[in-house]
Ligand SMILES: [Zn+2]
Ligand SMILES: [Zn+2]
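Right, dumping it as structure tokens:
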């Protein structure tokens with residue numbers, strides 16, 4: 008039996024590498040040798056000991072976690088035709104394991120597939136078994152070792168696409184982590200007229216202009232709403248993208264600074280149910296649009312759009328990767344990712 012190194016979360020803040028059986032292909036599956044694994048904000052909730060019944064953290068312990076992957080196709084089954092060994096790919100694991108023909112799949116919303124094919128838990132590991140669909144080839148100038156960043160980028164891009172910008176809008180992005188900076192870049196790429204972003208940390212603020220923001224406001228400022236309204240005009244923003252979640256007050260802020268009749272996209276993951284100012288929202292005819300993953304919209308997958316924008320430099324998502332660590336240092340890498348005061352935006356592990 009061939010083995011590989013794979014991380015297991017044994018208990019809160021206790022993640023270890025173990026030797027586990029390496030996956031082998033079936034006739035219709037693919038094994039990808041992973042070279043880039045992203046530590047996601049949702050992984051940090053799970054690692055820190057969020058209750059297992061809570062939202063995305065419904066992974067059993069001990070367990071693997073992880074869902075941001077890129078690598079090189081290692082082995083393909085004999086019925087596989089779309090990819091071959093040696094192809095560099097980023098993986099939409101939801102699409103790859105989807106049934107492909109339920110109502111949700113037909114709508115391009117693979118993350119909500121009603122009959123997902125279970126191929127074993129993924130996670131922070133050296134090899135993964137999946138299907139040939141949902142594998143997106145990397146452009147020549149996108150490095151494999153950084154390419155896991157496409158996954159969180161696609162979450163942000165999908166959220167902004169769902170808001171259907173027409174061009175010229177004033178957009179506010181709350182939060183300037185990976186999701187916020189990518190949402191800013193996407194809004195700009197999709198024709199926003201003016202982008203205002205709130206940033207908590209210096210490292211985030213420093214990158215905002217690279218991601219299309221015209222104005223950066225610091226989220227610690229007491230007059231944050233007034234500062235943003237000074238930029239949007241008194242009626243507020245045509246689109247607000249909330250990307251913070253946790254314990255932040257950003258959902259009510261989003262409603263407060265939204266122009267009547269407009270959309271607030273909510274990408275943040277919350278540590279507990281959040282009260283909504285439903286009067287504030289209804290009196291504005293506000294549209295609240297929650298967005299978790301990505302998929303196929305208007306005949307283009309979010310991953311394809313992300314890869315195009317990365318290759319052209321329009322949204323330079325590789326610059327979000329502030330730290331790269333070997334998989335062997337996963338325990339320290341999680342501690343690092345959890346401590347935003349150390350200049351971290353994105354931590355990627357290289358198996
Ligand atoms: Zn994620
Ligand atoms: Zn399906």
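Numbering (the working numbering), first residue to last: 8 to 358. By construction, the Cβ of each residue, glycine as well, lies at the ideal position given by its N, Cα and C atoms.
| request: Decide yes or no for the touch test of the region 98-109 against the region 47-55: beta carbon pairs closer than 8 Å, at least 3 of them. | output: no
| said: Based on DSSP bridge pairs, tell me the residues matched to residue 306. | reply: As computed with DSSP, residue 306 is found in no beta bridge at all.
| request: Take the Cβ of residue 358 as the centre, count every other Cβ of all protein chains shown within 10 Å, and call the residue buried at 16 or more, exposed below. | output: By the Cβ-count criterion, residue 358 is buried, with 16 or more other Cβ atoms from all chains shown falling within 10 Å of its own Cβ.
| query | Helix or strand or just coil, what does DSSP make of residue 159? | reply | helix
| query | Of the residues 157, 211, 249, which one's Cα is nearest the Cα of residue 166? | reply | Nearest option by C-alpha distance: 249.
| Are at least three pairs of beta-carbons, each pair with one atom in the region 262-279 and one in the region 133-150, less than 8 Å apart? | Contact between the region 262-279 and the region 133-150 is absent, with fewer than three C-beta pairs closer than 8 Å.
| task | Check whether the region 306-316 touches the region 153-166, taking contact to mean three or more Cβ pairs, one atom from each stretch, closer than 8 Å. | result | Taking one beta carbon from each stretch, the region 306-316 and the region 153-166 have 3 or more pairs nearer than 8 Å; the two touch.
| field | Range of the contiguous beta strand (DSSP E) that encloses residue 266 | value | 265-273
| At a cut-off of 8 Å, is residue 75 close to ligand 1 when judged by its beta-carbon and the heavy atoms of the ligand? | Checking every heavy atom of ligand 1 against the Cβ of residue 75, one is found closer than 8 Å.
| said: Whole angstroms are fine: how far does the CA of residue 204 sit from the CA of residue 88? | reply: 44 Å
| query | For residue 197, which residues of its own chain have a beta-carbon under 6 Å away from its beta-carbon, when the five flanking residues on both sides are left out? | reply | 172
| task | Pull up the CB-CB distance for residue 43 and residue 206, whole angstroms please, since I reckon it's below 8 Å. | result | Contact flag wrong, Cβ pair sits at about 25 Å.
| field | N-terminal and C-terminal residue of the beta strand (DSSP E) that residue 133 is part of | value | For residue 133, no beta strand (DSSP E) segment is defined, and its DSSP state is neither H nor E.
| said: Looking only at its chain, what residues have a beta carbon closer than 8 Å to the beta carbon of residue 340, apart from the 5 residues adjacent to it on each side? | reply: 46, 330, 332, 354, 356
| task | Decide yes or no for the touch test of the region 292-311 against the region 319-326: beta carbon pairs closer than 8 Å, at least 3 of them. | result | no
| query | Can you name the residues that DSSP bridges to residue 11? | reply | 27
| query | Touching or not, the region 119-135 and the region 34-43, by the rule of three or more beta carbon pairs under 8 Å? | reply | yes
| task | Measure the CB-CB distance between residue 170 and residue 188 and report whether it falls below 9 Å. | result | no
| message | For a test of your reading of the model: does the CB of residue 2 fall under 8 Å from any non-hydrogen atom of ligand 2? Yes or no. | response | With the chain covering 8 to 358 only, the question about residue 2 has no answer from this structure.
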